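Asks: For this note's numbering, add 95 to where a residue sits in the sequence shown, where the first one is 1.
Yeah, the Cβ is synthetic: ideal placement off N, Cα and C, and Gly gets one too.
The structure displayed is predicted, hence computed values, not measured ones.
First the structure, then my questions, so here it is.
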Amino acid sequence: MLSGSSPAMIHSRLLPIRRLVLTQDDHLELLCRRMNVGKTMLPPGAAIPSTIDLPVLKDAHSYIPSHVLAVFDIPQSDWEPSYSPILVPIHAGLHARDFRTRIIPQNATGTRPTISRISSQSGGHFVTLPVVPLHVPHAPSIPLLFLFALGLESRSQLLCCRLLPTEVISEFPALPTMAQLMGNVCSDRQLTDYIVFNQGLWKNILHLGPRDAGFVGIARTAWNVTVEARRNRQRAAAAGVSTNVGNPRHASASPVPNT
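Right, dumping it as structure tokens:
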């Protein structure tokens with residue numbers, strides 16, 4: 096158990112009110128709304144610009160981000176023509192407060208966002224933000240990581256139901272039971288999806304160093320359960336025993352390591 100994360104706290108945060116699974120795009124859209132800007136994407140194969148304009152969702156004087164991260168997990172030299180980084184809004188002050196690793200270069204921290212009025216049929220405000228390239232171990236889990244580690248989202252079911260099947264969460268804190276049940280309800284494809292996402296999230300946590308011990312504890316628990324479920328599946332396969340029943344309700348729920 097991590098320091099600052101009591102069993103009661105982790106238990107309460109691991110019990111979702113209802114099943115609610117969001118995809119990477121949903122997490123990004125929710126993060127953008129929390130940052131008061133609209134989501135945007137770069138065209139496939141486009142170079143990372145130095146600045147970008149994002150639509151402001153509310154009054155221009157409301158809270159807005161300071162930068163946009165162009166997040167990728169493939170070296171830029173290996174990008175295919177169809178590849179595009181994920182554009183993630185961030186506030187340098189919040190990140191410095193809630194993470195141990197600096198990702199905004201010092202020469203970019205003093206850059207102030209520019210809000211401008213646009214003339215169009217609908218009108219509105221846009222904010223011009225500096226763009227910072229960020230190479231991470233796993234790009235798809237970055238929106239979820241920032242949502243919770245920056246304290247922008249408090250609904251634990253959004254986190255828990257992304258990392259583990261609902262039936263598994265209900266068995267906390269019996270980790271061996273959780274792992275056994277995860278192997279029973281997940282098909283091979285579903286278990287692989289959980290492994291890829293949860294491992295990627297955990298690697299991002301180790302790489303970026305979020306300070307929220309409760310969030311880190313949940314991610315660690317999810318990864319440990321996932322790893323044990325994989326071990327159980329491998330042992331069963333070696334013994335010629337089928338363990339999963341393949342619950343179709345988890346087919347859309349994609350999902351880090353005991354280091």
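#1: Short of 7 angstroms in beta carbon distance, which residues of its chain neighbour T272, apart from the five on each side in sequence? Order them along the chain.
#2: Note down the Cα distance separating V231 from E262, rounded to an integer number of angstroms.
#3: Provide the residue(s) that pair with A383 in DSSP beta bridges, ordered along the chain.
#4: Quick check on this structure: which residue in R284, S236, A244, C255 has the alpha carbon closest to the alpha carbon of F292?
#5: My understanding is that P184 touches M136, with C-beta atoms under 8 angstroms, so please give their C-beta distance in whole angstroms.
#6: Are A244 and F167 close, meaning C-beta to C-beta below 8 angstroms?
#7: Nearest-angstrom Cα distance between A141 and S179?
#8: Within the same chain, show all residues whose beta-carbon is closer than 7 angstroms to that of R113, passing over the 5 residues directly before and after it, in chain order.
#9: Could you pull the start and end residues of the beta strand (DSSP E) that P238 belongs to?
#10: Locate the alpha helix (DSSP H) running through T316, then write down its first and last residues.
#11: Check whether the Cβ atoms of E248 and L240 lie closer than 8 angstroms to each other.
#12: Should R315 be labelled buried (16 or more other beta-carbon atoms within 10 Å of its own) or exposed?
#13: Taking the alpha-carbon positions, what's the Q275 to S172 distance?
#14: Using the C-alpha atoms, what's the distance from P268 back to I143?
#15: What does DSSP give as the partner residues of V132 in its beta bridges?
#16: Heavy atom of the ligand ZN less than 7 angstroms from the Cβ of N327, yes or no?
#17: With burial defined as no fewer than 16 other Cβ atoms inside 10 Å of the residue's Cβ, what is the status of Q285: buried or exposed?
#18: What span of residues does the alpha helix (DSSP H) with Y158 cover, start to end?
#19: Give me, in chain order, the residues of the same chain whose beta-carbon lies closer than 7 angstroms to that of Y158; leave out the 5 immediate sequence neighbours on both sides.
#20: Hey, how far is the Cα of H302 from the Cα of C127?
#21: Cα separation between L191 and E323?
Replies: Reading it off the structure:
#1: The beta carbon of T272 is closer than 7 angstroms to those of E266 in its chain, skipping five residues each way along the sequence.
#2: Between V231 and E262, the alpha-carbon positions lie close to 31 angstroms from each other.
#3: This structure gives no information on residue 383, because the portion of the chain shown stretches from 96 to 354.
#4: Closest in alpha carbon position to F292, among R284, S236, A244, C255, is S236.
#5: The Cβ separation is near 13 angstroms, so there is no contact.
#6: No.
#7: Going from the Cα of A141 to the Cα of S179 covers about 7 angstroms.
#8: Residue confidence for R113 is low, a pLDDT of 42 falling below 50, so the modelled location carries little weight; the figure read from the coordinates is stated next. Within the same chain, Q252 come within 7 angstroms of R113 by CB-CB distance, once the 5 residues on both sides are set aside.
#9: Segment 237 to 244 is the alpha helix (DSSP H) holding P238; no beta strand (DSSP E) there.
#10: Its alpha helix (DSSP H) spans residues 308 to 333.
#11: Not in contact: E248 and L240 (Cβ atoms no closer than 8 angstroms).
#12: Counting Cβ neighbours within 10 Å, R315 comes out buried, since at least 16 surround it.
#13: Approximately 41 angstroms, taken between the alpha carbons.
#14: When rounded, the distance between both Cα atoms is 44 angstroms.
#15: Beta-bridge annotation (DSSP): V132 is paired with V151.
#16: As presented, the structure is devoid of all ligands, the ligand ZN included, so that no description of it is given.
#17: Buried, by the Cβ-count rule.
#18: Unbroken run through Y158: none, as it is neither H nor E.
#19: For Y158, same chain residues with a beta-carbon under 7 angstroms away, outside a window of 5 residues either side, are N131 in chain order.
#20: Approximately 23 angstroms, taken between the alpha carbons.
#21: Just to set this straight, residue 191 is Ala in the shown sequence, not Leu. Roughly 34 angstroms between the two C-alpha positions.
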